[in-house]
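Enquirer: Below is one structure. I have some questions about it.
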Amino acid sequence: MIPLVAIICALAFTPWDILWVWAEPLPDTVQEQVESATTHGLDGIIVYIDKKGSEPQFYSAGWKNRENKIPADPHALFKIASISKLYMAVATAKLVNDKSLSLDKTLAKYLSELVEKVENADKITLLLLAEHLNGNPDFIDSPDMSWSKLPTDINDFLKCELNKATLFSPETCILGPEKREKQPARRLRKGVLREE
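Right, here's the structure in full:
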């Protein structure tokens, strides 16, 4: 009886539309593959291929703005939102594992040139940065940050962050995770630490 129920459930709850995508033969070109993606519910898609020894290739299909009938632009820039947290967390974990970083050391230890420009730099540990509990405001909310004209240099990003008052003191976060107040992510400073 149980195998029969399992078979019925497998047939009833299988996402058949996705399985057909896997079963289809692959198109001959990347552009054909990109164009076929829009037939599966995507408004638009952009693919960038950077192969060692070759020039980068750009592909697009569908709409950048469906409402205004603006085609997808392979050179368009996007906000990547929280996906960078994953990369920063992995990079941080690897560096901590290699003993190149310590989560208990402070921002002042790793970026001493910012001590006078970042409030509580001597109290903000890498762990507080990783947990988004350092108290500094998020650069995304800065009036100096223009999403239509994004800075291309790290120093321009830093201008949105340096010499700003903190939202709370990092010492208030030592109470334990259950009493901590989360605050916006500090992706920028983690990115700077990654590059150091």
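Everything in the sequence shown is counted per the working numbering, starting at 569 for the first residue and increasing by one.
All C-beta atoms, glycine included, are put in the ideal place defined by N, C-alpha and C.
1. So, are the CB atoms of N704 and L735 less than 9 Å apart?
2. Between which two residues does the beta strand (DSSP E) carrying I613 extend?
3. Going by other Cβ atoms of all chains shown within 10 Å of its Cβ, with 16 needed for buried, is P738 buried or exposed?
4. Tell whether a beta-carbon distance below 9 Å holds between A629 and V602.
5. State the Cα-Cα distance for the pair S650 and A657, rounded to the nearest angstrom.
6. Does I576 come out as helix, strand or coil in the three-state DSSP assignment?
7. Please report the Cβ distance between P624 and I614, rounded to the nearest whole angstrom; I am assuming they are in contact, meaning their Cβ atoms lie under 8 Å.
8. Measure the alpha-carbon distance for V598 versus F626 and round it to whole angstroms.
9. Please name the residue or residues paired with N633 in a DSSP beta bridge.
10. Check this for me: beta carbons of S557 and L694, under 9 Å apart or not?
11. Can you tell which of A698, D641 and K632 has the C-alpha that lies nearest to the C-alpha of D672?
12. Work out the CA separation of S604 and I576 for me, nearest whole Å.
Expert: Inspection of the coordinates gives the following:
1. Result yes, Cβ atoms of N704 and L735 sit closer than 9 Å.
2. Taken as a continuous stretch (DSSP letters only), the beta strand (DSSP E) holding I613 covers G612 to I617.
3. P738 comes out buried.
4. In terms of Cβ geometry, A629 and V602 form a close pair [threshold 9 Å].
5. Between the C-alpha atoms of S650 and A657 there is a straight-line separation of about 11 Å.
6. Here I576 sits in helix by DSSP.
7. The pair is not a contact, with the Cβ atoms about 12 Å apart (cut-off 8 Å).
8. Pairing V598 with F626, the inter-Cα distance amounts to about 10 Å.
9. Beta-bridge annotation (DSSP): N633 is paired with I638.
10. Residue 557 falls outside the range modelled here, since the chain spans only 569 to 764, and no answer is possible.
11. Nearest to D672 by C-alpha distance, out of A698, D641 and K632, is A698.
12. Those two C-alpha atoms are separated by around 31 Å.
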